[in-house]
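Below is one structure, written out as structure tokens; comments come after it.
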Amino acid sequence: MDGNKCILQLRGVRPFLSDKFDITKHKRYRELADYDKRNEFDVEAYMKHELRLAVDEAFDFYEIELTEDDLSEE
Numbered sequence: 043m044d045g046n047k048c049i050l051q052l053r054g055v056r057p058f059l060s061d062k063f064d065i066t067k068h069k070r071y072r073e074l075a076d077y078d079k080r081n082e083f084d085v086e087a088y089m090k091h092e093l094r095l096a097v098d099e100a101f102d103f104y105e106i107e108l109t110e111d112d113l114s115e116e
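At position 11 of the sequence shown (counting the first as 1) the number is 53 in this note's numbering, and the numbers step up by one without a gap.
Dropping the structure here:
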């Protein structure tokens, strides 16, 4: 198969041959990691984020107790 073609499979439609889209022509291409590695999303850094409150900052605290029955209903 030509490298500029792909097979698309969409629900409700038989698979068909289509031209690939050249992402370098998209108006927001500069925001992708393909354009600049600094745009790459760092999942590990995102997951390590911790909420930090100022000493005098007010917040609401809610304590919830769940039973095994509560968890099995989901």
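For glycine and all other residues, C-beta sits at the position ideal for the given N, C-alpha and C.
According to the Cβ coordinates, are A65 and D76 closer than 8 Å?
Looking at the sequence provided, one finds Ile at residue 65 rather than Ala. Taking 8 Å as the Cβ cut-off, I65 and D76 qualify as a contacting pair.
Whole angstroms is fine: what's the gap from D112's alpha carbon to E105's?
15 Å
For L113, name the three-state secondary structure that DSSP assigns.
Here DSSP, grouped into helix, strand and coil, assigns L113 to helix.
Taking the alpha-carbon of D61 as reference, which of M43, D102, A96, E73 has the nearest alpha-carbon?
M43
Quick one: grab the DSSP three-state call for I106.
coil
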